[in-house]
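Those letters in the sequence shown? Residues -2 to 1180, by our numbering. Here is the structure we will look at.
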Amino acid sequence: MASVNPFNLSDSEEEAERRPKETIHRERSPSEGAPGPPPGNPFSPPADAEPPTLLLSSNRTSPSGEGSVSVAATSAMAGTAETRISVDGIAAQLLRDQYILTALEFHTELLEAGRELPRLRDYFSNPGNFERQSGTPPAKDQVLGPGGPLHRAGSISTLDSLDFARYSDDGNRESDERVAVLEFELRKAKETIQALRANLTQAAESEVTSQERKNFKSSPEIQEPIRPLEKRALNFLVNEYLLKHDHKLSSITFSDENDDQDFELWDDVGLNIPKPPDLLHLYRNCGVSVPSPRDTVDVSVGVDFGDLPGNCIAQDPPKKPDLLHQQQTEVVQELEYQISLLTNEKQSLAEQIKKLQSEIQTLKRTVSSPPPATLDLGSHNISNSTTTTSSMDPLAVPPTDNGQYLDIRRVSEPETNPDPPSSQNISHPHPQSHNKLKSRPPVQFDQPNRKLSPAFQQALLSFCRMCSDSRLGAEVSCIADSEESVMLMLGRCLPHIVPNVLLAKREELIPLILCTACLHPEPKERDQLLHILFNLIKRPDDEQRQMILTGCVAFARHVGPTRVEAELLPQCWEQINHKYPERRLLVAESCGALAPYLPKEIRSSLVLSMLQQMLAEDKADMVREAVVKSLGIIMGYIDDPDKYSQGFELMLLSLGDPSERVVSAVHQVFIPAFAAWTTELGTLQTALIPSLLARIEKLLMQGEHGLDEHKLHVFLSALQSLTPPLFAVVLQNAPFTSSAKLTGDISAIEVTRFPRPASPLQDVATIIGSREMLSALLLLYDYQLEHEGTTGWDSLLWVVNQLLPQLIEIVGRINVTSSTCVHEFSRFFWRLCRTFGKIFTNTKVKPQFQEILRLSEENVDVSAGNDILTKATVPIYATGVLTCYNQDEDRKLLVGFLEDVMTTLSLSHAPLDSLKASFVELGANPVYHELLLTVLWYGVVHTSALVRCTAARMFELLVKGVNETLVAQRVVPALITLSSDPEISVRISTIPAFGTIMETVTQKELLERVKMQLASFLEDPQYHDQHSLHMEIIRTFGRVGPNAEPRFRDEFVLPHLHKLALANNSQTVESKRIDIATQLFEAYSALSCCFISEEVMVNHFLPGLRCLRADMEQLSPEHEVILSSMIKECEIKVENRGMADAQGSMSIASSLVGEDAKTKFLSKMGQLTTSGAMLANVFQRKK
């Protein structure tokens, strides 16, 4: 008989309505016709009873009337089988009788069944039900039993987290009851975790539908996407592997990237998933068919397989382990047998090859050494096969070995020469051979499909660094082409070889080695000779490497591209990882020098890969420098468009090199050559420059909180190096290019027309072809811009309409306070404008800047987002565009722009960072000092006090770079004028500039004038109550005091600081007092590191510190601790000086243990601004 759970009864009106819709099977009792409760369940209602009626009022939390309801329910249960008791009634009775644990158990089971009871929920979530009440009667709506309220359980708010063992100290509860509560909560928590993990595993397994799995199986080329469970398992195994093999940092990073997974516990992957072997075991057994855990199931005796789930037992049970092992053993044995057969066959073939080679050598010796008188007769008696093989012209049809023709030709000469000269004699075969060699056509090399100008190509090849103007160089470059010439060569070289070979002058052997390697008939001997050549000198110096390179180029010219690939390149490859950098440098230089003489396929594949490997792996700067130059030469000969992306990555890789010499080589050789190639491909404007701009924009987006200035420099420097090729493209694609003609009266190009190029390859004249052609094109270029415009000039329109707007937008996004970024962009715009010319700058560049830099107060409305005048656009336009040309009208335009910016920013109360950046960038060049002083004088005499304040603050930036003469004649008079301004704010603004003069100037008369002015600020009665003036003076003293002249510091700065500290003790306004005290503390902290005489310390420094300590005792106790320590150190030093001889000036921050203790003291001082709460413990002695 099926039993009904008594708790599956409705306890609300909604469930009463939902209940008739449920299909629950109920059975009547077999012994009675009427329905009755099943045995063992006295509370179970009849199985087919009507839906229950509500026994409680809608207010379930109120116990009013519950007594009658409970009585009615009890009598109904005892007297009749048709009346049911509600779940809410049971809960109310349990709570009334204080069966709290039973009610909690009841509440938990209802929650697990998904039927939460509001009465129990409200009761157990109300902390007031578990608090001890003292003298306060219970509320009417509280469910209380006869025992009164529960004892208070501290601040615990729910019973789920109640810890009786800790909080119940009244002794009213037994220990076993508390343990029961805790065990119950622990058990329920574990069961919940187990259920959730099981559900997670099941959900992860069933995420991919069966239909999708069928699709993946039917289409193997479509890879099934990774499931969450698989991903978590693989993550666990990868992390385990990293930890086992000491990749701890990688493991930490991997864990951070997968923070949703616990790598300490495999059960976090899935509760029902067995742990597989580690990654190493999986890799070693990846080829062995291992049965999956899914294909097996544990089966106990007596279980019917039909009762198990259908997917538990696999359709194909795995093979037995013994059978599987036996099959694997048989396969291994079979493979070993086949290996032994193949090994035997290999040995027999090797023996046959040796025999054939020995026979070939014997035949060669027999054929190559007959007496001269019998050479012609013997040649006529050669068999047909030999004649057919040897009679082919080796130059018309190259054999497999390009060098065999030298030996074969000597035997077959009478037959291969159909019309021998009449003077031919049997006894003189050598002249005939010599004439034969001289009559052969020149060697052909692969010519790239390129359009480089001869001047550019010659300049590019000049980086090969060959030498042929010396005696030895001439010998090396003139390869002998006959036996007679070899003898002559030996005669000339041997006198030099013999006395020098023992004195490490081995480069004298290079001509002999090269001639022999060129003419020797045996490939092995030639390979050995070339190996000797590359290993001739242990660590070749620069001159020796040049000589070897000259010989390699001569060898390549003589033998052709096939033998260069087969014989020279392997020697380079062997030396690529040599332990001596000089040998690796020789390899890098050889790749560039041999580039014109290699097959184009090898040039763009093998050689490029070799150089790329050396660039990425070699640790020597000089080797990477040579690699970059050779890569540039390769880029000048490559004609495979698919290699563009590889070239671009190589450019970025080499630009990021830490060595300056490598980066310099990139700009001198690689970028110009790569730009020439992209010009021919048509990708300079469409791919190369836009790619660099995109990287700059991405860098600015990522660096909002910290820009990588080094990367920005890398990209901008690359754009600078691409400016000459870009201008050349504009000229070569102009409408007038086809009509340009070279005439005798073409004017010369001005020396200052273009910026100085970093190398000949960046010279626009070299890129165009000649200075004459460039001069003719420039005349037409200027005329076209000035009179006819840019219509139909696509290359220039791209610069105007796409490049310039994008650059200006980028400029507006950089941080104006970063002097490095401002300088980099300023230099770039300067080179761009100078390259494209004055007309282009005035008509195309300046208007675009002026359009966005409209000088009005609206343009500095930061709240409206229109703050362009406060951004880096201002300094870059002023220093990068307006300074390109230095004529009077250009200088006037720059002065007017700076004056307008200063006026607009001042009147708008906007930040002055953009103006400051302009002054700093221009002030670095002495040429602009007079101009900047003119701008500032405009501000000095301006009618607005705001503009005069700005001018006074700008003097502070200009003083450090201006010579003392200008300071005395222009700066100080202007500052003195401002110091007597009617507006007190203007006078205060001059104080930082006066302080900077005291810090940098050495003229005594000038220092006295400044000191008098500062003294008037401090001693004039009208300034006694000027709080902001005192703040500015103290701040200035703290900044310039440590670097100022010692006499000025001792006689002026410290005494006045003492007076200010003393006066601050009597300050009645607390806010002003704390401001002055804080500034004094900063000033004394900076001055504490200076060498101060004993007299000044006793009379001014120590009294000033004591006055400041008196303020800090009331205002900032944490600062008072530091001041007490400083005073104590000073007093100790003064006492020690009285006892011992004076050893010069002293530093009060130095302790008795020397400089190390002083450093510790200063580091503790620096903690004030960051950890004020810990200052009281800074100077505590460690225990």
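Beta carbons are placed, not taken as given, at the ideal position from N, Cα and C, and that holds for glycine. Owing to the predicted nature of the structure, the values given are computational and were not obtained by experimental measurement.
Asked                                                                                                                                                                        : Found
Given this structure, state the Cα-to-Cα distance separating V659 from Y935, to the nearest angstrom.                                                                        : 48 Å
Could you check which residue in I865, R828 and G834 has the C-alpha nearest to that of F846?                                                                                : I865
Would you tell me roughly how many angstroms separate the C-alpha atoms of D538 and P567, rounded to the nearest one?                                                        : 22 Å
Decide if the region 628 to 639 is in contact with the region 711 to 721; the criterion is three or more beta carbon pairs, one per stretch, under 8 Å apart.                : no
State yes or no: is the C-beta of L234 within less than 8 Å of the C-beta of S248?                                                                                           : no
To which residues of the same chain is D637 closer than 7 Å at the C-beta, ignoring the five residues directly before and after it?                                          : S601
Are Q781 and A745 touching if we call contact CB-CB under 8 Å?                                                                                                               : no
Helix or strand or just coil, what does DSSP make of F826?                                                                                                                   : helix
Return the residue from the list L690, T788 and T900 that minimises the CA-CA distance to Q799.                                                                              : L690
Could you check whether T987 and A1041 sit closer than 8 Å to each other, using their CB atoms as the reference points?                                                      : no
How many Å lie between A452 and T993 at the Cα?                                                                                                                              : 55 Å
So, under 8 Å CB-CB, I476 and H555 are touching, yes? Tell me the CB distance rounded to an integer number of Å.                                                             : 5 Å
What does the Cβ neighbour count give for M1028, buried or exposed, with the cut at 16 atoms within 10 Å?                                                                    : buried
So S903 and S941 are in contact, right, with Cβ under 8 Å, and what is the actual spacing, rounded?                                                                          : 7 Å
How about L1051 and H1097: are their beta carbons less than 8 Å apart?                                                                                                       : yes
Would you report the Cα separation of L728 and P445, rounded to the nearest angstrom?                                                                                        : 24 Å
For S767 and R581, I'd like the C-alpha separation in whole angstroms.                                                                                                       : 36 Å
Only counting the same chain, and skipping five residues up and downstream in sequence, which positions put a Cβ closer than 7 Å to that of I743?                            : E769, S772 and A773
When the Cα atoms are used, what is the spatial distance from A551 to T814?                                                                                                  : 57 Å
CB-CB under 6 Å to A88, same chain, minus the five flanking residues each way: which ones, in chain order?                                                                   : L114, R116 and L117
Given a threshold of 16 other Cβ atoms within 10 Å of its Cβ, counted over all protein chains shown, does H1182 qualify as buried or as exposed?                             : Past the boundaries of the shown model lies residue 1182; the chain is included only from -2 to 1180, so the question cannot be answered.
Measure how close the beta-carbons of F1014 and L1003 come, nearest whole angstrom, since I'm counting them as under 8 Å.                                                    : F1014 to L1003, Cβ: 17 Å. No contact.
Any idea if D275 is buried or exposed, counting beta-carbon neighbours within 10 angstroms, 16 or more meaning buried?                                                       : exposed
Specify, as a first and last residue, the run of the alpha helix (DSSP H) that F531 falls within.                                                                            : P520 to F531
For the alpha helix (DSSP H) that contains C515, what are its first and last residues?                                                                                       : I507 to L516
Just checking my contact of T870 with G809 at CB under 8 Å: how many whole Å lie between their CB atoms?                                                                     : 5 Å
Please tell me whether A670 and G633 are closer than 8 Å, where the distance is taken between their beta carbons.                                                            : yes
Which of helix, strand or coil does DSSP assign to G920?                                                                                                                     : helix
Entirely within the region 684 to 732 and at least 4 residues each: give me those alpha helix (DSSP H) ranges in chain order.                                                : 686 to 699 and 706 to 729
Give me, in chain order, the residues of the same chain whose beta-carbon lies closer than 8 Å to that of D910; leave out the 5 immediate sequence neighbours on both sides. : V813, T814 and T867
Leaving out the 5 sequence neighbours to the left and right, which residues in its chain are closer than 6 Å to V604 when beta-carbon positions are compared?                : C588
Buried or exposed: N1133, going by 16 or more other Cβ atoms within 10 Å of its Cβ?                                                                                          : exposed
In whole angstroms, what is the alpha-carbon distance linking G877 and V842?                                                                                                 : 11 Å
Would you check if the region 617 to 626 and the region 567 to 577 touch, i.e. whether three or more CB-CB distances between them fall below 8 Å?                            : no
Compute the Euclidean distance between the alpha carbons of I635 and H278, then round it to the nearest angstrom.                                                            : 47 Å
Compare the C-alpha of L943 against each of V998, P908, P970 and V983 and name the closest.                                                                                  : V983
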